[in-house]
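Residue 20 in the UniProt record's numbering sits at position 20 of the sequence shown, with consecutive numbering throughout.
Ideal Cβ positions, reconstructed from N, Cα and C, are used throughout, including at glycine.
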Amino acid sequence: MLLIQNALAIYEADKTGRVDYALESAGGSIISTRCTETYNRRTTEISLFGIPLWYATNSPRTVIQPDMQPGQCWAFKGTQGFLVIQLLTPIQPTAFSLEHIPKSLSPNGRIESAPKEFSVWGLIDENDAEGINLGNFSYQDNGETLQYFPVEETQTESYRYVELRITSNHGNPEYTCLYRFRVHGTPSYT
1 MLLIQNALAI
11 YEADKTGRVD
21 YALESAGGSI
31 ISTRCTETYN
41 RRTTEISLFG
51 IPLWYATNSP
61 RTVIQPDMQP
71 GQCWAFKGTQ
81 GFLVIQLLTP
91 IQPTAFSLEH
101 IPKSLSPNGR
111 IESAPKEFSV
121 WGLIDENDAE
131 GINLGNFSYQ
141 DNGETLQYFP
151 VEETQTESYR
161 YVELRITSNH
171 GNPEYTCLYR
181 FRVHGTPSYT
């Protein structure tokens, strides 16, 4: 019974039991997408006399918000995209979590638009062109929906910004759908 209660406590704690320093409601924010274009899926539109005036799209902010319903993702054109996130406070990153909806909730039973290969970079300043590579990772489409990725090398440097670079997805040539990205670490209150 205690094991079940512990599991439920972790699930209630944002499914990880770890602080997410990128979470928008806690103070994280999206600074830039570099030149990544949002993909317009044209699923919801407002029209006047049959002429489309506006299409509903999710902004990059969706990635740092807790909603995990099908379609509540930031879709960007193609298979490669960038996202620069300002964290709540400077931290020494220890890990990242990437979450996507399960195949069972996908209308076609597939998650081809899920990110596959990605890297995370620590930035001292939001305008840093390169930064420090914190790791190269792969999201497994047959794995858990929430996957945890420890940094590849222990960090002594603190970063206020991280850049998420998606380099491929699981087979959708038109767009990649990014649901939730979390940044975990140790705050440096200097």
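Query                                                                                                                                                                                         : Result
Take Gln92 as the anchor and find which of Ser32, Ser29 and Leu123 has the nearest alpha-carbon.                                                                                              : Leu123
Taking the straight line between their C-alpha atoms, what separation do you get for Lys15 and Gly71?                                                                                         : 20 Å
Provide the residue span of the beta strand (DSSP E) that contains Thr89, from first to last.                                                                                                 : Gly81 to Glu99
Can you name the start and end residues of the beta strand (DSSP E) that Gln147 belongs to?                                                                                                   : Leu146 to Pro150
Would the beta-carbon of Pro187 fall within 8 Å of that of Thr89?                                                                                                                             : yes
Could you give the first and the last residue of the continuous beta strand (DSSP E) run that contains Gly17?                                                                                 : Unbroken run through Gly17: none, as it is neither H nor E.
Tell whether a beta-carbon distance below 8 Å holds between Tyr21 and Val183.                                                                                                                 : yes
Please go through the same chain and pick out, in chain order, the residues whose beta-carbon is closer than 7 Å to the beta-carbon of Gly131, but skip the five residues on each side of it. : Trp121, Gly122, Leu123 and Glu163
Does the distance from the CB of Tyr175 to the CB of Ser106 come in under 8 Å?                                                                                                                : no
With Ser162 as the anchor, note down where its beta strand (DSSP E) starts and where it stops.                                                                                                : Ser is not the amino acid found at residue 162; the sequence shown has Val there. Note, Val162: beta strand (DSSP E), Tyr159 to Ile166.
Please classify Glu126: is it buried, with 16 or more other beta-carbons within 10 angstroms of its beta-carbon, or exposed?                                                                  : exposed
With DSSP collapsed to three states, give me the class of Ser188.                                                                                                                             : coil
Could you tell me which residues DSSP puts in a beta bridge with Pro115?                                                                                                                      : Asn169
Tell me the rounded alpha-carbon separation between Thr167 and Tyr189.                                                                                                                        : 33 Å
Let me know the secondary structure DSSP gives residue 217 once reduced to three states.                                                                                                      : Look at the range of the chain in this structure, 1 to 190, and you will see that residue 217 is not part of it.
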